[in-house]
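J.: Submitted below is the structure of interest, expressed as structure tokens.
Chains as they are written, first to last, in the numbering used here: chain E, 139 to 357; chain S, 25 to 240.
Following this line, the structure appears as structure tokens:
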């Protein structure tokens, strides 16, 4: 059975300039230990695909403030003044995508689909430059699939086979991203023996997870 | 009663029993405090839950349980959590009966702008474009004017959130319904005249012979 990685070893796998999906919604359900290790390593030039950039000092906000990020593809940045300042100073490229469209683009990327058709954003700035197609007389924007080299996800529980269970609103983008990257790294609040997580309760099959982060060493 | 409370109380009268409702951040969140007695509403938050409730006592919050604004909430008995794709499938797929959102501007067609002020404020659209495009009813809850400048305008000067018209506009001064023929003034707030509403509105209003008083 594959052994677990330290957060630092996981951060070393991710090269500068990589495209990285990061789970979480305003920092809730973000992989905080891997994020801390990326900041520690001094990662540079990352493209981050995520729902948001949380707040300064929280979740993905730590990567922004530490200057690890060159570009974000997110649904909003309103809660992080540091992201907005860097965008206006041309230090950070920001691509805004409607939240539901972002979720579906990632889902498509992990599902072998070229993209999805959505009415969201039609005729708005979010639709500019996107192809419009008609199905049954109805206009839709073409929202192309999104994939990444890495996905960093957070769960409440993992078992030794890396099966994952998420908690409440910490689930958000995590299960979608766990499908949509070449290398998927997961951290969990607890790691339990096989059989503890019932088959019906598991949200993400462990076979999709390339690396699990080791249990926190509590003293 | 302040303006925000008056708006929230009036919006709450649009709630119906056994419906799924999404409240935006800010003023719309207040609507949850005024659900009429005898009505069961299921509140959805787009970060992935149906059936959230009030914040737990200090020190008992769950870091894995917040609303879309990142504020701590509780899960009521019968609550359900899910991922972001499911959350927006509910929103776009015709399963969400109503959403209540704040607004920067609404034009004479009922088009809403509420996600950016170019050059000044670029927070991003978050879930707003999906909500306005997908919810069965879209209610805008906002002040009638911003520092005396009308927010209900002839043409949007700010980028639109959706080309789909909203269903109803509830302000501190009036209730206005966008219709194909124009903006219909349905109700005025107590103590506010039709002329005052007209003066505070940046486009023409359709006014019937009798206008109701906002029941709040």
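Glycine included, each C-beta is placed from N, C-alpha and C at the ideal position.
Run through the DSSP bridge pairs and tell me what residue 201 of chain S is partnered with.
T.: Position 177 of the second chain holds residue 201 of chain S. In the DSSP output, where bridge partners are listed per residue, residue 201 of chain S has S/208.
J.: Against residue 258 of chain E, what residues of chain S qualify as contacts under a CB-to-CB distance less than 8 Å, listed in chain order?
T.: Walking along the first chain from the start, residue 258 of chain E turns up at place 120. Per Cβ cutoff of 8 Å: 116, 153, 154, 157, 158, 186.
J.: Taking only runs of the alpha helix (DSSP H) that begin and end inside the segment 292 to 333 of chain E, which ones reach a length of at least 4 residues, in chain order?
T.: Unbroken alpha helix (DSSP H) runs of no fewer than 4 residues, entirely contained in the segment 292 to 333 of chain E, are found at 312 to 315, following chain order.
J.: Tell whether a beta-carbon distance below 9 Å holds between residue 217 of chain E and residue 142 of chain S.
T.: Locating residue 217 of chain E in the first chain gives position 79, where the first residue counts as 1. Locating residue 142 of chain S in the second chain gives position 118, where the first residue counts as 1. Not a contact, by the Cβ cut-off of 9 Å.
J.: Strictly by DSSP, which residues pair up with residue 87 of chain S?
T.: Working through the second chain from its first residue, we reach residue 87 of chain S at position 63. In the DSSP secondary-structure assignment, residue 87 of chain S is not bridged to any residue.
J.: Looking only at DSSP bridge pairs, what is residue 99 of chain S linked to?
T.: Within the second chain, residue 99 of chain S is the residue found at index 75, counting from 1. In DSSP, residue 99 of chain S forms a bridge with S/76.
J.: Quick one: list the residues of chain E neighbouring residue 46 of chain S, beta-carbon separation under 9 Å, in chain order.
T.: By 1-based counting over the second chain, the position of residue 46 of chain S is 22. In chain order: nothing, as chain E lies at least about 12 Å away.
J.: Roughly how many angstroms separate the alpha carbons of residue 208 of chain E and residue 201 of chain E, rounded to a whole number?
T.: The sequence position of residue 208 of chain E within the first chain is 70, counting from 1. The sequence position of residue 201 of chain E within the first chain is 63, counting from 1. Distance between the alpha carbons of residue 208 of chain E and residue 201 of chain E: 10 Å.
J.: Would you kindly work out how many angstroms separate the C-alpha atoms of residue 71 of chain S and residue 162 of chain E, rounded to a whole number?
T.: The residue labelled residue 71 of chain S in the question sits at position 47 within the second chain. The residue labelled residue 162 of chain E in the question sits at position 24 within the first chain. Rounded to the nearest angstrom, the two C-alpha atoms are 9 Å apart.
J.: Kindly list the residues whose CB is nearer than 8 Å to the CB of residue 221 of chain S, restricted to its own chain and excluding five residues on each side of it in sequence; keep chain order.
T.: In the second chain, residue 221 of chain S corresponds to position 197, counting from 1. Closer than 8 Å at Cβ, skipping near neighbours: 168, 197, 198, 209, 212, 229.
J.: Here's the rule: buried if 16 or more other CB atoms are within 10 angstroms of the residue's CB, otherwise exposed. What is residue 242 of chain S?
T.: Residue 242 of chain S falls outside the range modelled here, since chain S spans only 25 to 240, and no answer is possible.
J.: How is residue 233 of chain S classed by DSSP in three states: helix, strand or coil?
T.: Mapped onto the second chain, residue 233 of chain S falls at position 209. Of the three classes helix, strand and coil, the one that applies to residue 233 of chain S here is strand, per DSSP.
J.: Quick one: is residue 315 of chain E buried, meaning 16 or more other Cβ sit within 10 Å of its Cβ, or exposed?
T.: For the purposes of this step, residue 315 of chain E is taken as residue 177 along the first chain, with counting starting at 1. Buried: at least 16 other Cβ atoms inside 10 Å.
J.: Leaving out five residues on either side along the sequence, give the residues of the same chain with a beta carbon under 6 Å from the beta carbon of residue 247 of chain E.
T.: Indexing the first chain from 1 puts residue 247 of chain E at position 109. Answer for residue 247 of chain E: 283, 284, 285, 318, listed in chain order.
J.: With 9 Å set as the bound, which would you pick, yes or no: does the beta-carbon of residue 164 of chain E sit closer than that to a beta-carbon of chain S?
T.: By 1-based counting over the first chain, the position of residue 164 of chain E is 26. Chain S contact via Cβ: present.
J.: Between which two residues does the beta strand (DSSP E) carrying residue 157 of chain E extend?
T.: Counting from 1 along the first chain, the entry for residue 157 of chain E is found at position 19. Residues 157 to 160.
J.: Using only the alpha-carbon positions, how far apart do residue 100 of chain S and residue 77 of chain S sit?
T.: Taking the second chain and counting its residues from 1, one reaches residue 100 of chain S at position 76. Taking the second chain and counting its residues from 1, one reaches residue 77 of chain S at position 53. Cα to Cα, the separation comes out at about 6 Å.
J.: Report the start-end ranges of each beta strand (DSSP E) in the segment 252 to 286 of chain E that is 3 residues or longer and not cut off at the edges.
T.: 253 to 256, 270 to 273, 276 to 282
J.: In the structure shown, what three-state DSSP assignment does residue 397 of chain E receive?
T.: In this structure chain E extends from 139 to 357, so residue 397 of chain E is not present and cannot be described.
J.: With a threshold of 9 Å between beta-carbons, can residue 242 of chain E be considered close to chain S, or not?
T.: Position 104 of the first chain, counting from 1, holds the residue named residue 242 of chain E. By this cut-off, residue 242 of chain E is an interface position.
J.: Sort out for me which residues DSSP pairs residue 174 of chain S with in a bridge.
T.: By one-based count along the second chain, residue 174 of chain S stands at place 150. Answer is S/169.
J.: For the alpha helix (DSSP H) that residue 221 of chain E lies in, which residues bound it at each end?
T.: Reading the first chain from its first residue, position 83 is the one you call residue 221 of chain E. Looking at the DSSP string, the run of the alpha helix (DSSP H) that includes residue 221 of chain E is 219 to 226.
J.: If we define contact as Cβ-Cβ less than 9 Å, is residue 90 of chain S a contact residue for chain E?
T.: Taking the first residue of the second chain as position 1, residue 90 of chain S is located at position 66. Closer than 9 Å: yes.
J.: Pull up the CB-CB distance for residue 75 of chain S and residue 104 of chain S, whole angstroms please, since I reckon it's below 8 Å.
T.: On the second chain, residue 75 of chain S is found 51 positions in, with the first residue counted as 1. On the second chain, residue 104 of chain S is found 80 positions in, with the first residue counted as 1. Their Cβ separation, rounded to whole angstroms, is 6 Å, which keeps residue 75 of chain S and residue 104 of chain S in contact under 8 Å.
J.: Can a CB atom of chain E be found closer than 9 Å to the CB of residue 147 of chain S?
T.: Taking the first residue of the second chain as position 1, residue 147 of chain S is located at position 123. Closer than 9 Å to some Cβ of chain E, the Cβ of residue 147 of chain S qualifies, so yes.
J.: Can you grab the Cα-Cα spacing for the pair residue 136 of chain S / residue 110 of chain S, in whole Å?
T.: The residue given as residue 136 of chain S occupies position 112 in the second chain. The residue given as residue 110 of chain S occupies position 86 in the second chain. Using only the alpha carbons, I get a separation of about 25 Å.
J.: Along the segment 66 to 85 of chain S, where does the CB come closer than 9 Å to a CB of chain E? Name the residues.
T.: 69, 70, 71, 72, 73, 76
J.: Give the straight-line distance between the Cα atoms of residue 172 of chain E and residue 240 of chain S, rounded to the nearest whole angstrom.
T.: Counted from its first residue, the first chain places residue 172 of chain E at position 34. Counted from its first residue, the second chain places residue 240 of chain S at position 216. The straight-line gap from Cα to Cα measures roughly 51 Å.
J.: CB-CB under 7 Å to residue 334 of chain E, same chain, minus the five flanking residues each way: which ones, in chain order?
T.: Translated into the one-based positions of the first chain, residue 334 of chain E becomes position 196. Taken in chain order, the residues that qualify are 297.
J.: Would residue 169 of chain E pass as a contact of residue 254 of chain E if the rule is Cβ separation under 9 Å?
T.: On the first chain, residue 169 of chain E is found 31 positions in, with the first residue counted as 1. On the first chain, residue 254 of chain E is found 116 positions in, with the first residue counted as 1. No. Outside cutoff.
J.: Can you grab the Cα-Cα spacing for the pair residue 88 of chain E / residue 164 of chain E, in whole Å?
T.: Outside the shown range of chain E (139 to 357) lies residue 88 of chain E, about which nothing can therefore be said.
J.: If you draw a straight line from the C-alpha of residue 84 of chain S to the C-alpha of residue 156 of chain S, how long is it?
T.: Reading the second chain from its first residue, position 60 is the one you call residue 84 of chain S. Reading the second chain from its first residue, position 132 is the one you call residue 156 of chain S. Rounded to whole angstroms, residue 84 of chain S to residue 156 of chain S spans 34 Å at the Cα level.
J.: Cβ of residue 107 of chain S less than 9 Å from any chain E Cβ?
T.: The residue labelled residue 107 of chain S in the question sits at position 83 within the second chain. Output row for residue 107 of chain S: interface = yes.
J.: Residue 111 of chain S CB to nearest chain E CB: under 9 Å?
T.: Counting from 1 along the second chain, the entry for residue 111 of chain S is found at position 87. With 9 Å as the cut-off, residue 111 of chain S counts as an interface residue toward chain E.
J.: Using DSSP with H/G/I as helix, E/B as strand and the rest coil, what is residue 29 of chain S?
T.: Counted from its first residue, the second chain places residue 29 of chain S at position 5. Looking at residue 29 of chain S - three-state DSSP - the assignment turns out to be helix.
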